[in-house]
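J.: Before I ask anything, here is the structure I am working with.
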């Protein structure tokens, strides 16, 4: 009886921990996915030992090549940053279907996200970041696939890195100053990035890591932002 009480107490405490992963999470960690699969054979070999602790995969069938591309982009982040993510318990869940079918996003069903003016709801949005569980829809990485980011998974993950790895970059005075200085050069006329410094950071981060061309555009238009992200190693 005493042992049962102890186990119950441990379970309750785990549930109450801020940012803990419990009932709101389902899926298979990459490290537990079959190593002989199409997904594993399609992965970039860099940082797989860390990615295995971060990437969550669907429990059913899914496009493994597309998921491997998404995971490999995250694997392109600096190893020290990936290691910090692992230590913070951050997960990136690659999902299929609607965002609001995920337990952690069900409460958003039918509501409209900030910045969407076309009548879309969270049901139509392919990703969400900021908490320790990041969501990104398989097959929706590229701009124009129900979002305006250069890369979905990097943008959404950047919100979580902002909040949970670096304790609120959006509130950092140095970052706010360079945002004010460079936002109109990097994103002219794009109110979402001009009005919200956290969105500016997330998109600049995605540009830095999504492709050499996007990184060069970032460096040319916003060199101080480029240097700031470079230092986040």
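Numbering (mature numbering (1 follows the signal peptide of the UniProt record, and there is no 0)), first residue to last: -23 to -1, 1 to 210. All C-beta atoms in this analysis are idealised placements derived from N, C-alpha and C, irrespective of residue type, glycine included.
1) Comparing alpha-carbon positions, which option in 83, 87, 157 and 5 lies nearest residue 69?
2) List the whole-angstrom C-beta distance separating residue 184 from residue 171, where the pair is believed to meet the contact cut-off of C-beta under 8 Å.
3) So does the segment 39 to 51 actually touch the segment 8 to 25, counting three or more Cβ pairs closer than 8 Å?
4) With distances taken from CA atoms, which of 82, 114, 167 and 56 is nearest residue 71?
5) Using the C-alpha atoms, what's the distance from residue 125 back to residue 32?
6) Taking residue 101 as the reference, give the member of 178, 110, 122 and 163 with the closest Cα.
7) DSSP three-state call for residue 116: helix, strand or coil?
8) Looking at the strands, I want to know which residues DSSP matches up with residue 104.
9) My parser needs the alpha helix (DSSP H) runs of 4 or more residues fully inside the segment 138 to 175; what are they?
10) To the nearest angstrom, report how far apart residue 80 and residue 65 are at their CA atoms.
11) Find out if the Cβ-Cβ distance for the pair residue 132, residue 179 is shorter than 8 Å.
12) Looking at the unbroken beta strand (DSSP E) that takes in residue 196, where does it start and where does it end?
13) Going by DSSP, which residues form a beta bridge with residue 122?
14) If you draw a straight line from the C-alpha of residue 176 to the C-alpha of residue 34, how long is it?
15) Does residue 51 come out as helix, strand or coil in the three-state DSSP assignment?
16) Can you tell me the Cα-Cα spacing of residue 87 and residue 77, whole angstroms?
17) When you compare only the Cα positions, how much space is there between residue 208 and residue 201?
18) Quick one: residues in its chain with C-beta nearer than 8 Å to the C-beta of residue 36, no 5 flanking neighbours on either side, listed in chain order?
T.: Concretely, from the data shown:
1) Here residue 69 is taken as the residue at index 92 of the chain shown, counted from 1. It is 5.
2) Looking up residue 184 in the chain shown gives position 207. Looking up residue 171 in the chain shown gives position 194. Not quite, the Cβ-Cβ distance comes to about 16 Å (not below 8 Å), so this is no contact.
3) yes
4) The count along the chain shown starts at 1 and reaches residue 71 at position 94. Of the listed residues, the one whose Cα sits closest to residue 71 is 114.
5) Reading the chain shown from its first residue, position 55 is the one you call residue 32. Reading the chain shown from its first residue, position 148 is the one you call residue 125. Going from the Cα of residue 32 to the Cα of residue 125 covers about 23 Å.
6) Locating residue 101 in the chain shown gives position 124, where the first residue counts as 1. Ranking 178, 110, 122 and 163 by Cα distance to residue 101 puts 122 first.
7) In the chain shown, residue 116 corresponds to position 139, counting from 1. Three-state result, residue 116: coil.
8) As a working note, residue 104 is residue 127 in the chain shown. Its beta-bridge partners are 113.
9) 150 to 163 and 168 to 172
10) As a working mapping, residue 80 is identified with position 103 in the chain shown. As a working mapping, residue 65 is identified with position 88 in the chain shown. C-alpha separation (whole angstroms): 21 Å.
11) Along the chain shown, one-based indexing puts residue 132 at 155. Along the chain shown, one-based indexing puts residue 179 at 202. Yes, they are a contact pair.
12) Numbered from its first residue, the chain shown carries residue 196 at position 219. Counting along the chain, residue 196 falls outside any beta strand (DSSP E), though it belongs to the alpha helix (DSSP H) covering 189 to 198.
13) Residue mapping note: residue 122 aligns to position 145 of the chain shown, counting from 1. The partner list for residue 122 (beta bridge, DSSP) is empty, contrary to what the question assumes.
14) Your numbering for residue 176 matches position 199 in the chain shown. Your numbering for residue 34 matches position 57 in the chain shown. Going from the Cα of residue 176 to the Cα of residue 34 covers about 26 Å.
15) If you number the chain shown from 1, residue 51 lands on position 74. Looking at residue 51 - three-state DSSP - the assignment turns out to be helix.
16) The sequence position of residue 87 within the chain shown is 110, counting from 1. The sequence position of residue 77 within the chain shown is 100, counting from 1. Taking the straight line from one Cα to the other gives about 9 Å.
17) Residue mapping note: residue 208 aligns to position 231 of the chain shown, counting from 1. Residue mapping note: residue 201 aligns to position 224 of the chain shown, counting from 1. Their backbone Cα atoms lie some 11 Å apart in a straight line.
18) To locate residue 36, count along the chain shown from 1; it is residue 59. 3, 4 and 5, listed in sequence order.
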